[in-house]
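First the structure, in the form of structure tokens, and then the observations on it.
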Amino acid sequence: DIQMTQSPSSLSASVGDRVIITCRTSQSISSYLNWYQQKPGKAPQLLIYGESRLQTGVPSRFSGSGSGTDFTLTISSVQPEDFATYYCQQSYSFLYTFGQGTKLEIK
Amino acid sequence: EVRLVESGGGLIQPGGSLRLSCAASGFTFNTYWMHWVRQAPGKGLVWVSRINNDGSSTTYADSVKGRFTISRDNANNTLYLQMNSLRAEDTAVYFCVRDRFMAVPSFDSWGQGTRVTVSS
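First to last, the sequence lines map onto chains A and B. Per our numbering, residue 2 is the first one in the first sequence, and the count goes up by one each step. Per our numbering, residue 68 is the first one in the second sequence, and the count goes up by one each step.
This is the structure we're talking about:
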């Protein structure tokens, strides 16, 4: 199975800060990496697919990069509605592993 | 509008069985792969199972293989998850998820989830 290591597990930031979340995989997955946002009590929502492609309706302050085994999710200027938990996911194999999540909190 | 509505969750004793359903609408159900993803209380997301568009191919996480069965009824736009030999560690919210399965598979639509609690 492909293992996902997401860091940090939690992060405090102020509105307007630039935030970077990283995801490392145990083997190369090319660009088969997706990012999701989940707010408390809600279902997750797809933010980025294929490492860097923005899902329709997602603000452009979100961006993804990387390839192979190392990936990043960047929020260029955090807004109040961005405080949530973020998960990476690999879809390279049919065992679609998620990272353990990064909780973004208000400083 | 894409809608996925899960049902069938509840409180069940260890060793028991439960069948979850997911009613899909707003899209051509029989052209999409579908998944179940679960989330234990206070924990992260865990992929459980997937089924291809015509139901001929399925995959399971090791933790549920041999106990859970995913299936679909394309005539009635419904996805199922039959869960047998339930354990306390199966306690979670179960989400029905659509796979956009384009160049890169990704989960673009999620239901609101149905809660399963395995406890005596």
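All C-beta atoms, glycine included, are put in the ideal place defined by N, C-alpha and C.
Going by the CB atoms, is the gap between A:M5 and A:G65 shorter than 7 Å? As a position in the first sequence, residue 65 of chain A is number 64, starting the count at 1. As a position in the first sequence, residue 5 of chain A is number 4, starting the count at 1. For A:G65 and A:M5, no; Cβs fall outside 7 Å.
Does B:R105 pass the burial test, meaning 16 or more other C-beta atoms within 10 Å, or should it be called exposed? On the second sequence, residue 105 of chain B is found 38 positions in, with the first residue counted as 1. Classification of B:R105: buried, given that the 10 Å Cβ count is 16 or more.
Selection of the region 91-107 of chain A by Cβ proximity to chain B, strictly under 8 Å: S92, F95, L96, Y97, T98, F99, G100, Q101 and G102
Proximity to A:I76 [Cα-Cα], best of A:S15, A:W36, A:F84 and A:I21: Within the first sequence, residue 76 of chain A is the residue found at index 75, counting from 1. Measuring from the Cα of A:I76, the nearest candidate turns out to be A:I21.
Can you check whether the CB of B:V131 is closer than 7 Å to the CB of B:V115? Working through the second sequence from its first residue, we reach residue 115 of chain B at position 48. Working through the second sequence from its first residue, we reach residue 131 of chain B at position 64. For B:V115 and B:V131, yes; Cβs fall inside 7 Å.
Out of A:S94, A:Q90 and A:G17, which has the shortest C-alpha to C-alpha gap to A:S53? In the first sequence, counting from the first residue as 1, residue 53 of chain A sits at position 52. Nearest of A:S94, A:Q90 and A:G17 to A:S53, Cα basis: A:Q90.
Taking Cβ positions only, does A:A44 come closer than 7 Å to chain B? On the first sequence, position 43 is the one that residue 44 of chain A refers to. Closer than 7 Å to some Cβ of chain B, the Cβ of A:A44 qualifies, so yes.
Collapsed DSSP secondary structure at A:E52 in the structure displayed: Translated into the one-based positions of the first sequence, residue 52 of chain A becomes position 51. Three-state DSSP puts A:E52 in coil, outside helix and strand.
Using Cβ-Cβ distances below 7 Å, what residues of the region 151-181 of chain B are close to chain A? F162, A170, V171, P172, S173, F174, D175, W177, G178, Q179 and G180
Short-range partners of chain A found in the region 91-115 of chain B, where Cβ spacing is below 9 Å: H102, V104, Q106, K110, G111, L112, V113 and W114
Determine which residues share a DSSP beta bridge with A:R62 and list them. Here residue 62 of chain A is taken as the residue at index 61 of the first sequence, counted from 1. According to DSSP, which records beta bridges pairwise, A:R62 is partnered with nothing at all.
So with Cβ pairs under 7 Å, would you call B:T145 a contact of chain A? The count along the second sequence starts at 1 and reaches residue 145 of chain B at position 78. It does not: the Cβ of B:T145 has no partner Cβ on chain A nearer than 7 Å.
Chain-ordered neighbours of A:Q28 on chain B, where CB pairs are closer than 7 Å: Here the question's residue 28 of chain A lines up with position 27 in the first sequence. The premise fails here: A:Q28 is roughly 17 Å from chain B at the closest Cβ pair, so nothing lies under 7 Å.
First and last residue of the uninterrupted beta strand (DSSP E) at A:M5: As a working mapping, residue 5 of chain A is identified with position 4 in the first sequence. Its beta strand (DSSP E) spans residues M5 to S8.
Who does B:G77 pair with in a DSSP beta bridge? To locate residue 77 of chain B, count along the second sequence from 1; it is residue 10. Answer by DSSP bridge pairing, in chain order: B:V183.
Status (buried if at least 16 other CB within 10 Å, exposed otherwise) for A:F95: If you number the first sequence from 1, residue 95 of chain A lands on position 94. So A:F95 counts as exposed.
Kindly indicate which three-state DSSP category B:A91 falls into: helix, strand or coil? Within the second sequence, numbered from 1, the residue matching residue 91 of chain B stands at position 24. DSSP places B:A91 in strand when its eight states are reduced to three.
Residues in the region 13-40 of chain A having any Cβ partner in chain B nearer than 7 Å: S32, Y33 and N35
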